[in-house]
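S.K.: Dropping the structure in here first, questions after.
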Amino acid sequence: MISLSSLFAEEKTLVLGGEKGWSRLEKTDGLTFGKGRFGWDSLELATNARVAGSDTDLLLDFENSSLRDVKGNYDVLENKTVPSAKAKIGQGSALCRGVGGIRLSGSKNSIFGKEGPAGSFLIEFWLCPSIAENGEVVFSWRSSRTEGRRLLYQTISASFFANRLRWEFTNVFNGYDKDSGSLSIACGRTIIPNVWTHHQISFDEDTGLLEYRIDGRLEALKYVTTNGREHGGSVYSPFLGVAADVDICPKYTGLIDDFRIKTSCTSQSSQDLRYDSYKKDGGRFVTEPILLSREAEFTGLDAIVNLPEQTDVVFYVRSGDDHFNWTETEPAWVLVKNHSQISDVKGLYFQVAADLFPDGGGSHTPSISEIKIKYKEVPSPLPPFSLIADAGDGQVTLTWAYSVDSGTGGYYVFYGERPGEYLGYEAVEGNSPLDVGNVAKITLTGLKNGKIYYFAIASYSEKDKRIMGTLSKEVYARPLKK
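Written as C-alpha cells, this is what we have:
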C-alpha cells in the first residue's frame, strides 16, 4: 500500500464577500454595505452624515428610505416629502413639493414634547429652495399656555418674506410682552434658489442672546432681556406650553437636509460647515483570525473592486501560529497588491485588512464586492479506510486500520445515539469526540445495554490536532448483556 505524503501542499482558495457575504469581519470603521458586482453586498465608505450627540434633541439625516429621528425622541406622524439623492451631507435629502411636509410628535424627553422651561436651544438645517417665494414655511410649531388667567397662544415659525428667511417667536419667552409678545429675527441676505445654504438659530439662556447665522456667518442677533442688551438686564427665558406637534416644511418647495435640534446653543463657524460626502481619512476593515494549518502559505489576492477616479483600496495581510496575543500592530501587517503574488506570509492563522479612500473632493467612494485569498496548505489527513464495532456488555470495542496518510498524528472517536449526530456523553472514557491518540483500537465502557450507538473516526494532523480530516464511514452497535 502506498503512503500519501503530507509534504505536498494543496492550492486552495478562500472567498470573503461575494455570494457568501461578509460574516468573517471582526472590525469595521467608517464603512457600510452597498450593492456591488452581481448584486452582492459590497463594502464601501459610510457617508459623512452627522451623528446624534448627548445634546441632540432631534436629528433627521435623510440617509434611509424610511424617515426616522436618529435620536429617537420624536415619532414621524406624517411624511409627504420624497427621498432625493441630491444631498448636501451624505447620500440623501428630502424633496418637498409644497403639499405638506413632515409632522413630528415629541416624547417627554424632547423639547417640544413637554410643557415647561426650554432652556438653551439650537435649530439648524441645510436648505436648497426651488423658488423661495413669500409665504413658504420651513418650520412651524403652535401651542398655548396660561399666564395667570390669560390664555396665550404660542408659535415658532420660519418662513420666507422678500426672499429672506424670517423667524418669529410669539409668547415663547416668559415675561416678554413687547409687540404683543411677538419677536422676529431675519437674515440680511437674499436666499438664492437652487443653492444650498446652512441655517442656524440659537438661544443662550445664560445671556439671552438670540442669533441667526447662515453658512456659519452671523446675520442678525437680539438680546431677549429686560433692557435689550447683553449686560444689566434679566433674561426672558423660553417657556413652552402644551406639548404640540412640530411641522417641518409644511409649505415649502425645494430640498432640505440634516435637520437638527439641540439642547445647547453652540454655534458653528463657516469652516465647521465644510462637509464632504465621505471622510477624507477613509475607512478600514479587518477580518477575524482565520484558522488554516501551521504550514499554510499565502500565494495571492484577487479582489473585485470598483475604483472611481482618484479613489483607492489598499490591502494588507498578516499571519502567525497563535492569534491570542495579537495587537493592532503585531504581528506586522504586510502590504499586498490586488492580483499579485504574495510571498513569505505563513502561519496557522491569518487576517486580511483593507483601507478604503475617497477622492480628493470627498464625493466618491471605492467598493469591494469580493476577495479571493489564494494559499497553499498541507492536506488534511485521510480517515481510516475500515472501522469495525463489536458490542459487549455495556461496552463497544472499535477497531480500525491505520490511515495510509503519513501525516496522521492520531484519531478522534465520535459517537452518539442517532445517525450522523455524534453528541454522546455516556462513555466512561469521555464525551464525544474522544482524542484517543495514535492507536487503532479502543473500548468505550459505561454504555447502556439495549441502546444503539453510532460511531465514526477522523484522523488529525501530526502538525496540529486542530487540523482534522473527514469522518470515516459510520458504523453502529448495540451493547447487550450476554
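Here this note's numbering is used: the first residue of the sequence shown is 18, the next is one more, and so on.
The beta-carbon is built from N, C-alpha and C at its ideal position, and this holds for glycine as well.
Quick caveat: nothing in here was measured; it's all calculated off a predicted structure.
Name the one or two DSSP bridge partners that His216 has.
M.R.: Phe142 and Ile231, per the DSSP bridge assignment.
S.K.: Leaving out five residues before and five after Pro506 in sequence, what residues of the same chain have Cβ atoms less than 8 Å from its Cβ?
M.R.: Given that the chain is displayed from residue 18 to residue 499, the structure contains no residue 506 and the question cannot be resolved.
S.K.: Using 10 angstroms around the beta-carbon of Phe302, count the other beta-carbons present and answer buried if the total reaches 16, otherwise exposed.
M.R.: Its Cβ being crowded by 16 or more others within 10 Å, Phe302 is buried.
S.K.: How many whole angstroms separate the CB atoms of Arg114 and Thr243, which I take to be in contact at a CB cut-off of 8 Å?
M.R.: Not really, about 44 Å apart at Cβ, beyond 8 Å.
S.K.: Could you tell me whether the segment 107 to 121 touches the segment 83 to 91, using the rule of 3 or more Cβ pairs below 8 Å?
M.R.: In short, these stretches touch, since the Cβ pair count reaches three.
S.K.: Which complete beta strand (DSSP E) runs does the segment 395 to 431 hold, if anything under 3 residues is left out?
M.R.: If we require 3 residues or more, the beta strand (DSSP E) runs fully inside the segment 395 to 431 come out as 404 to 408 and 412 to 417.
S.K.: I want to know whether the segment 476 to 494 touches the segment 424 to 439 - three or more CB-CB distances under 8 Å.
M.R.: Judged by Cβ distances under 8 Å, the segment 476 to 494 makes contact with the segment 424 to 439, as three or more pairs qualify.
S.K.: Classify Leu365 as buried or exposed, calling it buried when 16 or more other Cβ atoms lie within 10 Å of its own Cβ.
M.R.: Counting Cβ neighbours within 10 Å, Leu365 comes out buried, since at least 16 surround it.
S.K.: Between Gly409 and Lys465, is the Cβ-Cβ spacing less than 9 Å?
M.R.: No, Cβ-Cβ distance for Gly409 and Lys465 is not below 9 Å.
S.K.: What are the boundary residues of the beta strand (DSSP E) that Ala494 is part of?
M.R.: Run containing Ala494: Val492 to Ala494, per the beta strand (DSSP E) assignment.
S.K.: In or out: Glu28 buried (at least 16 other Cβ within 10 Å) or exposed?
M.R.: The residue is exposed, with fewer than 16 neighbouring Cβ atoms inside 10 Å.
S.K.: What are the boundary residues of the beta strand (DSSP E) that includes Leu121?
M.R.: Taken as a continuous stretch (DSSP letters only), the beta strand (DSSP E) holding Leu121 covers Ile119 to Gly123.
S.K.: By the three-class DSSP mapping on this structure, what secondary structure does Phe341 have?
M.R.: If DSSP states are grouped into helix, strand and coil, Phe341 belongs with the helices.
S.K.: Taking all protein chains shown into account, do 16 or more other C-beta atoms lie within 10 angstroms of the C-beta of Glu347, making it buried, or fewer, making it exposed?
M.R.: Per the 10 Å Cβ criterion, exposed.
S.K.: Find the nearest neighbour of Asn96 within the set Glu443, His356, Cys266 and Tyr229, judged by alpha-carbon distance.
M.R.: Of the candidates Glu443, His356, Cys266 and Tyr229, the one whose C-alpha sits nearest the C-alpha of Asn96 is Cys266.
S.K.: If you reduce the DSSP assignment to three classes, tell me which class Glu222 lands in.
M.R.: The answer is coil: DSSP assigns Glu222 none of H, G, I, E or B.
S.K.: To the nearest angstrom, report how far apart Ser287 and Asn342 are at their CA atoms.
M.R.: Only weak support exists for where Ser287 lies, its pLDDT of 47 falling under 50; the value from the coordinates is given anyway. One C-alpha to the other measures close to 46 Å.
S.K.: Can you tell me which of Ser127, Phe55 and His340 puts its alpha carbon nearest to the alpha carbon of Gln89?
M.R.: One point to set straight first is that residue 89 is Gly, not Gln, in the sequence displayed. Nearest option by C-alpha distance: Ser127.
S.K.: Quick one: what's got a C-beta closer than 8 Å to Pro496's C-beta in the same chain, skipping five residues either side?
M.R.: For Pro496, where only same-chain residues beyond five positions count, the Cβ hits under 8 Å are Ala408, Gly409, Asp410, Gly411, Gln412, Val413, Leu464, Lys465, Asn466, Gly467, Lys468 and Tyr470.
S.K.: Any idea if Thr304 is buried or exposed, counting beta-carbon neighbours within 10 angstroms, 16 or more meaning buried?
M.R.: It is buried - the Cβ of Thr304 has at least 16 other Cβ atoms within 10 Å.
S.K.: Identify whether Lys498 lies in helix, strand or coil by the three-state DSSP scheme.
M.R.: Reduced to three states, the DSSP call for Lys498 is coil.
S.K.: By DSSP's criteria, Leu464 is part of a beta bridge. Which residues make up the other side?
M.R.: The partner list for Leu464 (beta bridge, DSSP) is empty, contrary to what the question assumes.
S.K.: Whole angstroms are fine: how far does the CA of Ser174 sit from the CA of Arg206?
M.R.: For Arg206 and Ser174, the distance between alpha carbons rounds to 19 Å.
S.K.: Which residue's Cα is closest to the Cα of Val351: Tyr333, Lys482, Asn65 and Asp221?
M.R.: Of the listed residues, the one whose Cα sits closest to Val351 is Tyr333.
S.K.: Got a sec, what are the start and stop residues for the beta strand (DSSP E) Ala203 sits in?
M.R.: Unbroken beta strand (DSSP E) run through Ala203: Ser199 to Ala203.
S.K.: Restricting to runs no shorter than 3 residues, where is the beta strand (DSSP E) found entirely within the segment 129 to 186?
M.R.: DSSP runs (the beta strand (DSSP E)) wholly in the segment 129 to 186: 138 to 146, 154 to 164 and 167 to 178.
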